[in-house]
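Quick note: the sequence shown uses the numbering used here, first residue 34, plus one each step.
Below is one structure, written out as structure tokens; the observations come after it.
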Amino acid sequence: MGRENFGSKLGAILAAAGSAVGLGNVWRFPIETGQNGGAAFIIIYVLCILVLGLPIMISEFLIGRHTHANTVGAYRILSNGTPWKWVGRLGVFTGWFILCYYVVVGGWTMQYTFLSVTNAFYDVPATQYTNVFNNFVSSPWLPTLWLFIFIGVIHYVITRGVQSGIEKSAKLMMPTLFIITLFLAVCSVCLPGASKGIEFLLKPDWSKVDSTTVLDAMGQAFFSLSLGMGCLCTYASYFDKKTPLAKSAVNVSFIDTFIAIMAGFIIFPSVFNIGMDPNEVGAGAGLTFVSLPNVFQQAFGNGSILAVVFSSLFYFLLFVAALTSAISLHEVATAYVTEEFNMSRKKGATLVTLTILVLGTLCSLSFGPLSGLTLFDRNIFEIFDDLSGRILLPLSGMLISIFAGWVLDRQLYRDEISNGGDLKTPYFKMLIISLRYVAPLAIGLVFLDQLGLFEFMK
Ligand code: PHE
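What follows is the structure, encoded as structure tokens:
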């Protein structure tokens, strides 16, 4: 069976960047930055990317491209019959698991785009946005309908294949995302009082930095770069032999960080414009679906054309960001099923889609009819979110770095990142040091912290 590759280097980078740029860039990074010392946090975050993110991203790229196989196959090939083959399985499982709840939020972004376009937020009192959101997510049908549409779009792209599906859509969606982001940031920065928002986001305040900040930055860098769940490994298995791995990783990290900072420029000037306390806007879904629709209405004029355009574009941006990430997660599972069980792409993708439809629906309904179904006080959606974010992701990341640093053949590593000796690799030693010692230790700390087993220096 012939295996497709990406048609161009640009396509490859845009697809990987599409995986990285997602909800995390908008609903976590800006607020974490603002609350954790502004530019001080950004500097720590960038250091985490350099020391931790890049080495692991390069390793995932390398493992994928060297084997030209799905993530399970890739680790099986490289582990020579040792139990290290389980790292690939863990990665695929983690990606699939994340997808089950990620698609639910993808559906929400569509509903909010729809509400914005139809000017449904006109004259909604500030206190009512929580109800609007709660009524929507707890209703049995509407979120499920959007969920199905969102999954339908992913399925369509995936079944079209690597070049005409994933690459083509990334080439269309990533520039769109880029332009919308810049447009929204400029609009927001032009609001009266915007400078206070920019100050909140950027003014370095080292007094707010402690060990927890560093752990947060590491965790955020990891999630935001889509590490640890086979996405980058799978996409890199479609890279051709000439794609420069380290340079591609730098590009992807740069795009991801740039969009995350721009998201801050979109959010905080508007928040300050209406005189809202930035510490009260919340994070995650609360920020995105409760605080921000209100902020946008007030900042740009309740029901005005500008408010409609701004709000619609913002939720459309979120939709695109979530979609490209979800596509990469789906592809991890599809490549696995297709190659390991010798199925056609269509069959493999359909199988994956069906499982996501079922589990995604359960996650979606856990805010409504199934809200009584809980474990340790967490509903189904939250269990998926917790298990993947707190346990599966850090565990998988730690194992990947140990595998790349200690198990993978050193010569093979050098050959791959230098493209068979064509490229200079002065950073090679540092890369290996990070993979062997720094990354496993650092991610291990994040892991313990996430589990709450260990309250770092408190
Ligand atoms: N990186 C994506 C984000 O920032 C999330 C994601 C995680 C996507 C894991 C794919 C895999 O939201």
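Don't be surprised by glycine CBs; every beta carbon is placed ideally from N, CA and C.
Quantities reported herein were computed from a predicted structural model and do not represent experimental measurements.
Residue i and residue j closer than 7 Å at C-beta
{"i": "Phe94", "j": "Glu200", "result": "no"}
{"i": "Ile91", "j": "Leu320", "result": "no"}
{"i": "Leu234", "j": "Phe301", "result": "yes"}
{"i": "Leu468", "j": "Pro88", "result": "yes"}
{"i": "Thr127", "j": "Leu425", "result": "yes"}
{"i": "Ala359", "j": "Tyr189", "result": "no"}
{"i": "Gly194", "j": "Gly430", "result": "no"}
{"i": "Ser303", "j": "Val314", "result": "no"}
{"i": "Leu132", "j": "Ile389", "result": "yes"}
{"i": "Phe343", "j": "Cys223", "result": "no"}
{"i": "Leu346", "j": "Leu217", "result": "yes"}
{"i": "Cys266", "j": "Ile96", "result": "yes"}
{"i": "Ala254", "j": "Gly453", "result": "no"}
{"i": "Ala227", "j": "Ile64", "result": "no"}
{"i": "Ala73", "j": "Asp238", "result": "yes"}
Check: residue i C-beta below 6 Å from any heavy atom of the ligand PHE
{"i": "Met143", "result": "no"}
{"i": "Gly57", "result": "yes"}
{"i": "Cys133", "result": "no"}
{"i": "Leu456", "result": "no"}
{"i": "Ser202", "result": "no"}
{"i": "Cys396", "result": "no"}
{"i": "Cys264", "result": "yes"}
{"i": "Leu420", "result": "no"}
{"i": "Leu320", "result": "no"}
{"i": "Ser358", "result": "yes"}
{"i": "Ala269", "result": "no"}
{"i": "Ala218", "result": "no"}
{"i": "Ala53", "result": "yes"}
{"i": "Leu408", "result": "no"}
{"i": "Ser345", "result": "no"}
{"i": "Ser429", "result": "no"}
{"i": "Leu362", "result": "yes"}
{"i": "Ser257", "result": "yes"}
Residue i CB to nearest heavy atom of the ligand GDP below 6 Å
{"i": "Ala49", "result": "Because the ligand GDP does not appear in the structure shown, any question about it cannot be addressed here, the ligands present being the ligand PHE."}
Same chain, Cβ closer than 7 Å to residue i, five either side skipped, listed in chain order
{"i": "Met143", "result": "Trp179, Ile182, Phe183 and Phe352"}
{"i": "His361", "result": "The sequence shown places Ser at residue 361, rather than the His named in the question. The answer, listed in chain order, is Gly51, Ser52, Ser259, Cys264 and Tyr268."}
{"i": "Gly114", "result": "none"}
{"i": "Arg109", "result": "Lys118 and Gly121"}
{"i": "Val125", "result": "Thr104, Val105, Gly263, Val365, Ala366 and Tyr369"}
{"i": "Pro427", "result": "Ile476, Val479, Phe480 and Gln483"}
{"i": "Glu37", "result": "Gly194, Val195, Gln196 and Tyr271"}
{"i": "Phe10", "result": "Nothing about residue 10 can be reported from this structure: the residues present for the chain run from 34 to 491 only."}
{"i": "Ser393", "result": "Per the sequence shown, residue 393 should be read as Gly rather than Ser. Closer than 7 Å at the Cβ level, and outside the excluded window around Gly393, lie Cys133, Val136, Val137, Leu180 and Ile184."}
Other residues of its chain near residue i: CB distance less than 6 Å, five sequence neighbours each side excluded
{"i": "Leu395", "result": "Ile413"}
{"i": "Thr192", "result": "Lys379 and Ala382"}
{"i": "Thr458", "result": "Ile450 and Ser451"}
Rounded C-alpha distance that separates residue i from residue j
{"i": "Arg98", "j": "Val385", "result": "23 Å"}
{"i": "Arg61", "j": "Val54", "result": "12 Å"}
{"i": "Ile46", "j": "Lys204", "result": "10 Å"}
{"i": "Phe154", "j": "Trp141", "result": "15 Å"}
{"i": "Ser149", "j": "Ile338", "result": "11 Å"}
{"i": "Asn312", "j": "Phe322", "result": "16 Å"}
{"i": "Phe489", "j": "Phe480", "result": "At Phe489 the pLDDT is 49, less than 50, meaning the model places this residue with poor confidence and gives no usable figure here."}
{"i": "Gln196", "j": "Val59", "result": "28 Å"}
{"i": "Val283", "j": "Ser171", "result": "41 Å"}
{"i": "Ser421", "j": "Tyr460", "result": "32 Å"}
{"i": "Asp441", "j": "Ala102", "result": "It should be pointed out that residue 441 corresponds to Leu in this sequence rather than to Asp. Distance between the alpha carbons of Leu441 and Ala102 is about 16 Å."}
{"i": "Ile212", "j": "Leu406", "result": "42 Å"}
{"i": "Asn335", "j": "Lys42", "result": "44 Å"}
{"i": "Pro326", "j": "Phe374", "result": "45 Å"}
{"i": "Lys241", "j": "Phe305", "result": "20 Å"}
{"i": "Gly230", "j": "Asp289", "result": "21 Å"}
{"i": "Ser286", "j": "Ile82", "result": "8 Å"}
{"i": "Tyr145", "j": "Tyr348", "result": "6 Å"}
{"i": "Gly198", "j": "Gly44", "result": "11 Å"}
{"i": "Lys236", "j": "Ile307", "result": "20 Å"}
{"i": "Ala293", "j": "Leu215", "result": "12 Å"}
Residues near residue i in its chain [Cβ-Cβ closer than 8 Å; skip 5 each side]
{"i": "Val138", "result": "Leu56, Ala318 and Ala355"}
{"i": "Leu445", "result": "His99"}
Residue i at chain B interface by Cβ criterion, 7 Å
{"i": "Ile187", "result": "No chain B is part of this structure, which consists of one protein chain only."}
Does the segment 389–402 touch the segment 176–188, meaning 3 or more C-beta pairs lie closer than 8 Å? These segments touch.
Should the segment 52–69 be regarded as contacting the segment 381–394, the criterion being three or more beta carbon pairs within less than 8 Å? no
Indicate whether the contact test is met: 3 or more Cβ pairs, each with one atom in the segment 229–249 and one in the segment 325–334, closer than 8 Å. Taking 8 Å as the limit for Cβ pairs, the verdict is that the segment 325–334 does not touch the segment 229–249.
Cβ contact (3+ pairs, closer than 8 Å) linking the segment 467–476 and the segment 435–446: yes
I want to know whether the segment 282–299 touches the segment 160–174 - three or more CB-CB distances under 8 Å. no
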